[in-house]
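Novice: In the working numbering, the protein residues as written are 29 to 670.
If you scroll down you'll find the structure; I have some questions about it.
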């Protein structure tokens with residue numbers, strides 16, 4: 029065998045062996061309960077994806093071999109070339125093993141191969157690399173990987189091979205062949221081959237990490253009209269008006285969804301604090317059946333406040349939750365609107381409350397450059413406050429990690445801002461976003477009875493910090509006149525055996541205001557996009573709305589629905605069923621959530637599919653055409669008073 033051929037086969041074998049071990053390891057690392065057919069499928073299809081990626085990895089080596097001339101065996105140049113080639117082999121194997129380790133870490137966090145989240149993480153390297161350093165023994169892992177690669181290459185790298193080499197035409201012909209194979213592989217193999225299985229995890233195991241990352245990069249922003257099922261424009265325009273209507277709202281024009289919402293209760297001159305808790309799944313709470321005692325404070329607040337028991341997050345990312353809570357729109361495919369261009373001046377709850385004299389705040393425990401959060405809220409009428417203002421307020425920091433300050437310190441910062449607004453005679457609306465319930469799951473010592481660096485400990489610490497915040501707020505003069513809305517941005521994990529498992533999107537919401545609301549429970553199905561209009565309705569405000577969401581206190585029985593999504597798959601929950609819209613696929617209808625006793629008879633599958641299309645097609649087109657931007661009300665230039 030020629031010099032280049034023996035080395036090439038070694039690299040090929042190394043890559044395929046690492047890919048096989050990774051695929052088997054990920055299968056066992058999860059629940060590992062797969063049938064013989066499923067094992068055979070993801071091992072076979074996975075090999076095809078590995079082979080599609082392989083030529084791209086071989087190109088650098090092929091070029092090296094093409095430019096390296098034949099050397100006289102035993103001479104100094106030959107000896108140095110052999111050493112240099114060994115370093116190449118070590119680098120290749122280290123890369124393969126580091127990639128495998130990264131896949132295991134990503135799978136542990138998201139139950140998935142690399143996807144659009146990994147693409148985003150390539151942009152925010154400071155936070156992500158810091159998170160990795162704080163979450164894992166990176167030095168130990170790298171040392172182990174390098175040691176393993178060195179040992180394998182030292183023993184297995186082909187040193188004693190025939191020094192014959194092809195001529196320059198043969199060598200560059202090999203490079204051309206690798207280029208052709210690389211292009212053919214990515215042209216002939218596509219993600220649909222992996223996705224053609226009902227089990228979500230089988231589909232994930234059927235692909236390759238590098239291929240999945242490239243696929244996510246190419247599909248990170250999706251044009252709804254190009255990839256998803258559509259209805260005629262006139263039909264959509266009429267149907268979306270029928271879907272967003274409510275008894276106390278009148279459309280302001282013959283087209284569009286802008287409507288004048290008339291208050292049905294007296295106005296309330298109150299402060300409103302909306303807390304988005306990082307990754308707070310409903311099943312962490314004792315009120316939803318958890319027996320680990322992770323949320324004693326939230327469970328007490330649920331008993332003393334108004335618990336919304338059937339609220340569902342729209343997505344799996346913080347920015348998706350912020351989008352739903354602020355502008356009340358169904359998720360659009362690809363990136364959240366928070367991350368997109370032309371997202372300024374959107375009609376949102378902060379802007380609407382500001383028209384009535386509230387001072388809107390966005391308060392975040394980290395640096396808001398991450399995920400474009402500060403830029404988004406600043407461009408939409410919020411006063412932006414993040415980690416940097418701890419120094420301005422001269423507040424102590426009890427703990428911080430790469431994502432931000434501890435939640436108790438975040439709440440101290442929020443209280444400082446609330447005190448100043450109250451002293452100035454102003455009402456405030458604050459959207460507060462926590463960070464502690466995020467890997468690496470670290471927090472101040474001596475707060476709870478669970479260890480650091482585990483999800484359960486972070487959940488219980490965040491719960492403690494919320495309870496501490498409420499207790500400290502209770503001593504403030506503004507407390508009795510403040511509504512605290514405690515919810516989540518998304519759940520801890522949203523993946524399961526199906527694409528969109530509804531139970532993995534279930535989040536809690538608690539309204540707490542002892543002087544303003546009676547304890548109770550709202551058991552109606554509800555989406556995150558309904559939170560803003562429900563708050564506005566409770567506050568007794570008459571306003572012009574472009575929200576897609578409902579005021580749940582005035583919505584007729586039987587019209588409840590929720591939206592759940594990944595970056596690509598769009599789900600619509602209604603009537604005990606789930607409609608899934610996907611790229612270049614026919615809509616699917618599956619079992620959704622249990623239908624409560626007494627709810628109206630469900631509509632047909634086709635009617636449900638049409639509704640899902642109307643919601644998503646309308647939201648996508650309205651954002652792209654600028655129709656989500658705020659209108660100019662007659663009295664926009666002067667704050668209205670309730």
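Virtual Cβ for every residue (Gly too), placed ideally from N, Cα, C.
Would DSSP call residue 387 helix, strand or coil?
Specialist: strand
Novice: Identify whether residue 87 lies in helix, strand or coil by the three-state DSSP scheme.
Specialist: In the structure shown, residue 87 sits in a helix (DSSP, three-state: H, G or I).
Novice: Consult DSSP for residue 550 and reduce its assignment to one of helix, strand or coil.
Specialist: strand
Novice: In chain order, what residues of the same chain have a beta carbon less than 7 Å from the beta carbon of residue 478, not counting five sequence neighbours either side?
Specialist: Excluding residues within five positions, the ones whose Cβ falls inside 7 Å are 484, 485, 488.
Novice: Classify residue 559 as buried or exposed, calling it buried when 16 or more other Cβ atoms lie within 10 Å of its own Cβ.
Specialist: Buried, because 16 or more other Cβ atoms sit within 10 Å of the Cβ of residue 559.
Novice: According to DSSP, what are the bridge partners of residue 652?
Specialist: In the DSSP output, where bridge partners are listed per residue, residue 652 has none listed.
Novice: Return helix, strand or coil for residue 346, following the three-state DSSP convention.
Specialist: helix
Novice: For residue 82 and residue 43, I'd like the C-alpha separation in whole angstroms.
Specialist: 8 Å
Novice: Rounded to whole angstroms, what's the CA-CA distance from residue 339 to residue 586? Just pull it up for me.
Specialist: 16 Å
Novice: With respect to the alpha helix (DSSP H) encompassing residue 231, which residues constitute its N-terminal and C-terminal limits?
Specialist: 228 to 234
Novice: Among 236, 462, 223, whose alpha-carbon lies nearest the alpha-carbon of residue 213?
Specialist: Considering only alpha carbons, the answer is 236.
Novice: May I have a chain-ordered list of the beta strand (DSSP E) segments no shorter than 3 residues that lie completely inside the region 440 to 493?
Specialist: Restricting attention to beta strand (DSSP E) runs no shorter than 3 residues, the region 440 to 493 encloses them at 456 to 461, ordered along the chain.
Novice: Terminal residues of the continuous alpha helix (DSSP H) containing residue 268?
Specialist: From DSSP, the alpha helix (DSSP H) with residue 268 extends over 261 to 272.
Novice: Which class does residue 602 belong to by DSSP, given the choice of helix, strand or coil?
Specialist: If DSSP states are grouped into helix, strand and coil, residue 602 belongs with the strands.
Novice: Taking only three categories from DSSP, how would you classify residue 612?
Specialist: It is coil, neither helix nor strand.
Novice: Exposed or buried, residue 539, counting other C-beta atoms within 10 Å across all chains shown (16 or more means buried)?
Specialist: buried
Novice: Could you give the distance in angstroms between the alpha-carbon of residue 116 and the alpha-carbon of residue 77?
Specialist: 24 Å
Novice: Can you find the residues in the same chain that come closer than 8 Å, C-beta to C-beta, to residue 129, ignoring five residues on each side of it along the sequence?
Specialist: Cβ neighbours of residue 129 beyond the five flanking positions: 169, 173.
Novice: Quick one: residues in its chain with C-beta nearer than 8 Å to the C-beta of residue 425, no 5 flanking neighbours on either side, listed in chain order?
Specialist: 418, 433, 434, 437
Novice: State the Cα-Cα distance for the pair residue 367 and residue 400, rounded to the nearest angstrom.
Specialist: 6 Å
Novice: Give me whichever residues DSSP pairs with residue 134 in a beta bridge.
Specialist: Note: residue 134 sits in no beta bridge, so no partner.
Novice: Measuring only the C-alpha atoms, how far is residue 126 from residue 49?
Specialist: In a straight line, the C-alpha of residue 126 is about 13 Å away from that of residue 49.
Novice: With distances taken between CB atoms, is the gap from residue 302 to residue 491 smaller than 8 Å?
Specialist: No, they are not a contact pair.
Novice: Could you check which residue in 481, 545, 616, 602 has the C-alpha nearest to that of residue 527?
Specialist: 616
Novice: Taking the alpha carbon of residue 177 as the point to measure from, which residue in 119, 567, 228 has its own alpha carbon closest?
Specialist: 119
Novice: How about residue 308 and residue 556: do their beta carbons lie closer than 8 Å?
Specialist: no
Novice: Note the first and the last residue of the continuous beta strand (DSSP E) segment covering residue 578.
Specialist: Segment: none, residue 578 is in no beta strand (DSSP E) and carries neither H nor E.
Novice: May I have a chain-ordered list of the beta strand (DSSP E) segments no shorter than 3 residues that lie completely inside the region 366 to 431?
Specialist: With a minimum length of 3 residues, the continuous beta strand (DSSP E) runs that stay inside the region 366 to 431 are 387 to 392, 411 to 413.
Novice: Which one of 225, 638, 111 has the shortest CA to CA distance from residue 63?
Specialist: The candidate whose alpha carbon is nearest that of residue 63 is 225.
Novice: Helix, strand or coil for residue 296, going by three-state DSSP, please let me know.
Specialist: coil
Novice: In the DSSP assignment, what are the bridge partners of residue 534?
Specialist: 340
Novice: Which residue's Cα is closest to the Cα of residue 230: 163, 583, 66, 46?
Specialist: 66
Novice: Helix or strand or just coil, what does DSSP make of residue 35?
Specialist: Residue state, collapsed to three classes: helix.
Novice: Is residue 335 helix, strand or coil by DSSP?
Specialist: strand
Novice: Provide the residue span of the beta strand (DSSP E) that contains residue 511, from first to last.
Specialist: In the DSSP annotation of this structure, the continuous segment of the beta strand (DSSP E) that includes residue 511 starts and ends at 510 to 516.
Novice: Excluding the five sequence neighbours on either side, which residues of its own chain have a C-beta within less than 6 Å of the C-beta of residue 390, listed in chain order?
Specialist: 405, 410, 412, 459
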